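Trainee: Below is one structure. I have some questions about it.
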Amino acid sequence: MSLRSPLGRARGLGSAKEGVQHWWWQRLTAVALVPLTLWFVFSIACLAGAGRAEVLAWIASPVNAVGLILFLATLLHHSQLGVQVVIEDYVHAEGVKLVSMVLMKFAHVVLAVAAIFSVLKIAFGAPIGG
Amino acid sequence: MSTTSDNRPLSPHLQVYRPQLTSFLSIVHRATGIFLSLGSVLLAAWLIALATGGDAADCMDRVLGSWFGKLALLAWSYALFYHLCNGIRHLVWDAGKGLEIKDVYTSGYIMVIASLLLTAAAWAVAIL
Numbered sequence: 689m690s691l692r693s694p695l696g697r698a699r700g701l702g703s704a705k706e707g708v709q710h711w712w713w714q715r716l717t718a719v720a721l722v723p724l725t726l727w728f729v730f731s732i733a734c735l736a737g738a739g740r741a742e743v744l745a746w747i748a749s750p751v752n753a754v755g756l757i758l759f760l761a762t763l764l765h766h767s768q769l770g771v772q773v774v775i776e777d778y779v780h781a782e783g784v785k786l787v788s789m790v791l792m793k794f795a796h797v798v799l800a801v802a803a804i805f806s807v808l809k810i811a812f813g814a815p816i817g818g
Numbered sequence: 010m011s012t013t014s015d016n017r018p019l020s021p022h023l024q025v026y027r028p029q030l031t032s033f034l035s036i037v038h039r040a041t042g043i044f045l046s047l048g049s050v051l052l053a054a055w056l057i058a059l060a061t062g063g064d065a066a067d068c069m070d071r072v073l074g075s076w077f078g079k080l081a082l083l084a085w086s087y088a089l090f091y092h093l094c095n096g097i098r099h100l101v102w103d104a105g106k107g108l109e110i111k112d113v114y115t116s117g118y119i120m121v122i123a124s125l126l127l128t129a130a131a132w133a134v135a136i137l
């Protein structure tokens with residue numbers, strides 16, 4: 689039996705050394721993604737059939753570029769939190785779990801950086817040969 | 010699997026349950042989540058191709074314009090709206106509301122209809 693008070697134990701965050709961060713960030717990003725996703729999908733739908741110059745101009749406009757960066761960062765953060773749980777649930781071999789988790793996290797960072805860099809490149813300058 | 014856990018009682022396996030709307034919608038939520046994570050690769054590729062311009066952008070136009078590309082976009086858009094609508098359902102549950110079985114079924118049907126309507130609306134905007 690522990691002599692620590694329930695509050696003391698909660699503050700110590702237990703043996704895992706973390707509390708509800710994963711759960712909380714999954715919800716927080718989910719809430720943010722509701723308006724961002726609706727905006728993104730219907731904006732892209734409006735761009736269907738548009739020429740490349742029109743699409744690039746849409747991305748380059750400050751409001752849309754900021755919206756896209758927020759959408760991409762939130763989407764990929766939410767995505768890696770979700771895939772993490774899937775790996776934890778289904779991959780039981782410790783080595784495979786660790787390697788797949790690290791590769792999955794790296795892949796999400798690469799995708800986020802590449803996608804956000806692309807938005808910035810379109811916003812700040814015309815593409816080479818575009 | 011360690012030997013100590015071999016003779017422990019197990020919770021009933023998935024296949025002994027009759028398929029029900031609640032479990033089906035829950036499984037599809039996870040499946041669409043995985044599918045959407047893969048879709049984010051396509052989203053990133055689209056932006057990279059546009060930023061690169063030239064052949065990369067032409068190639069992406071051809072892929073997205075093909076029947077396969079359109080089918081992938083249709084599947085992606087439905088998965089997105091499904092995950093979004095069911096995600097809102099989860100957020101309501103997290104607030105401690107709508108957890109009675111009757112309410113869970115009602116919100117399940119509403120969610121399926123809402124996700125279909127949103128997908129139809131998005132494609133109507135795209136095509137018209």
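These protein sequences, in sequence, are chains A and B. Residue 689 is where the first sequence starts when you use the numbering used here, and the numbers rise one by one after that. Residue 10 is where the second sequence starts when you use the numbering used here, and the numbers rise one by one after that. Heads up, the beta-carbon is just placed ideally off N, CA and C, and yes, glycines get one too. Note that this is a predicted model, so its numbers are computed, not measured.
1) Mind checking A/H796: buried by the 16 CB within 10 Å criterion, or exposed?
2) Tell me which residue opens and which closes the alpha helix (DSSP H) that B/P21 is part of.
3) So within the segment 778-816 of chain A, which uninterrupted alpha helix (DSSP H) runs reach at least 4 residues, ignoring any that extend past its ends?
4) Going by DSSP, what residue range makes up the alpha helix (DSSP H) through A/A736?
5) Counting beta carbon pairs with one atom in the segment 786-801 of chain A and one in the segment 91-105 of chain B, are three or more of them shorter than 8 Å?
6) Quick one: Cα of A/D777 to Cα of A/G770, how far?
7) Distance check for A/T717 and A/H765, CA to CA, integer angstroms please.
8) Quick check: what's the CA-CA separation for A/L724 versus B/C94?
9) Distance check for A/R692 and B/A2, CA to CA, integer angstroms please.
10) Between B/G63 and B/T115, what straight-line distance do the alpha-carbon atoms span, to the nearest angstrom?
11) Where does B/S32 land, buried or exposed, given buried means 16+ other C-beta within 10 angstroms?
12) Below 8 Å on the Cβ atoms is my guess for B/S46 versus B/F90; work out the distance and round it to an integer in Å.
13) For B/A58, collect the residues of the same chain with a Cβ closer than 8 Å to its Cβ; drop the 5 residues on either side in sequence, then sort them by chain order.
14) Just to confirm my understanding: we take A/F759, look at its own chain, exclude 5 residues before and 5 after, and list those with CB closer than 6 Å. What are they?
15) Are A/K809 and B/A81 closer than 7 Å when you measure CB to CB?
16) Can you name the residues of chain B whose CB is closer than 8 Å to the CB of A/L799?
17) Grab me the residues of A/K793's own chain with a C-beta within less than 7 Å of its C-beta, minus the 5 sequence neighbours each way, in chain order.
18) Do A/A733 and B/V72 count as a contact pair if the criterion is CB distance below 7 Å?
19) Just tell me which of A/G737, A/L763, A/F812 has its CA closest to the CA of B/K79.
20) To the nearest angstrom, how far is the alpha carbon of A/L695 from that of A/V708?
21) With a threshold of 6 Å, establish whether the CB of A/T762 neighbours any heavy atom of the ligand PLP.
22) Would you kindly work out how many angstroms separate the C-alpha atoms of A/Q819 and B/A104, rounded to a whole number?
23) From A/V751 to B/S20, what does the alpha carbon distance come to, in whole angstroms?
24) Could you run through the segment 768-782 of chain A and flag, in chain order, every residue whose CB is less than 7 Å away from some CB of chain B?
Mentor: Here's the rundown:
1) Locating residue 796 of chain A in the first sequence gives position 108, counting from the first residue. Under this definition A/H796 is a buried residue.
2) Here residue 21 of chain B is taken as the residue at index 12 of the second sequence, counted from 1. No alpha helix (DSSP H) contains B/P21, which DSSP labels as neither H nor E.
3) 782-812
4) Against the first sequence, residue 736 of chain A aligns to sequence position 48. No alpha helix (DSSP H) holds A/A736; DSSP gives it neither H nor E.
5) no
6) Taking the first residue of the first sequence as position 1, residue 777 of chain A is located at position 89. Taking the first residue of the first sequence as position 1, residue 770 of chain A is located at position 82. Using only the alpha carbons, I get a separation of about 11 Å.
7) Locating residue 765 of chain A in the first sequence gives position 77, counting from the first residue. Locating residue 717 of chain A in the first sequence gives position 29, counting from the first residue. Taking the straight line from one Cα to the other gives about 7 Å.
8) Your numbering for residue 724 of chain A matches position 36 in the first sequence. Your numbering for residue 94 of chain B matches position 85 in the second sequence. The straight-line gap from Cα to Cα measures roughly 14 Å.
9) Chain B is shown from 10 up to 137; residue 2 of chain B falls before or after that span and cannot be answered.
10) Position 54 of the second sequence, counting from 1, holds the residue named residue 63 of chain B. Position 106 of the second sequence, counting from 1, holds the residue named residue 115 of chain B. In a straight line, the C-alpha of B/G63 is about 50 Å away from that of B/T115.
11) The sequence position of residue 32 of chain B within the second sequence is 23, counting from 1. It counts as exposed.
12) For the purposes of this step, residue 46 of chain B is taken as the residue at position 37 of the second sequence. For the purposes of this step, residue 90 of chain B is taken as the residue at position 81 of the second sequence. Their Cβ separation, rounded to whole angstroms, is 16 Å, which puts B/S46 and B/F90 out of contact at 8 Å.
13) As a position in the second sequence, residue 58 of chain B is number 49, starting the count at 1. Hits under 8 Å: A65, A66, C68, M69.
14) Sequence index remark: in the first sequence, residue 759 of chain A carries index 71 (1-based). Here the set comprises L724, F728.
15) Along the first sequence, read from residue 1 onward, the residue named residue 809 of chain A stands at position 121. Along the second sequence, read from residue 1 onward, the residue named residue 81 of chain B stands at position 72. Taking 7 Å as the Cβ cut-off, A/K809 and B/A81 do not qualify as a contacting pair.
16) Position 111 of the first sequence, counted from the first residue, corresponds to residue 799 of chain A. What A/L799 touches in chain B: S49, V50, A53.
17) Position 105 of the first sequence, counted from the first residue, corresponds to residue 793 of chain A. Q768.
18) Taking the second sequence and counting its residues from 1, the one referred to as residue 72 of chain B is at position 63. Taking the first sequence and counting its residues from 1, the one referred to as residue 733 of chain A is at position 45. Against a cut-off of 7 Å, the Cβ pair of A/A733 and B/V72 comes out as no contact.
19) Translated into positions along the second sequence, residue 79 of chain B becomes position 70. Ranking A/G737, A/L763, A/F812 by Cα distance to B/K79 puts A/G737 first.
20) Taking the first sequence and counting its residues from 1, one reaches residue 695 of chain A at position 7. Taking the first sequence and counting its residues from 1, one reaches residue 708 of chain A at position 20. So the two alpha carbons sit approximately 15 Å from each other.
21) Inclusion of the ligand PLP in the displayed structure is not the case, the ligand content being empty and no account of it being possible.
22) A query on residue 819 of chain A cannot be resolved here, the shown segment of chain A reaching from 689 to 818 and no further.
23) On the first sequence, position 63 is the one that residue 751 of chain A refers to. On the second sequence, position 11 is the one that residue 20 of chain B refers to. Rounded to the nearest angstrom, the two C-alpha atoms are 51 Å apart.
24) G770, V771, V774
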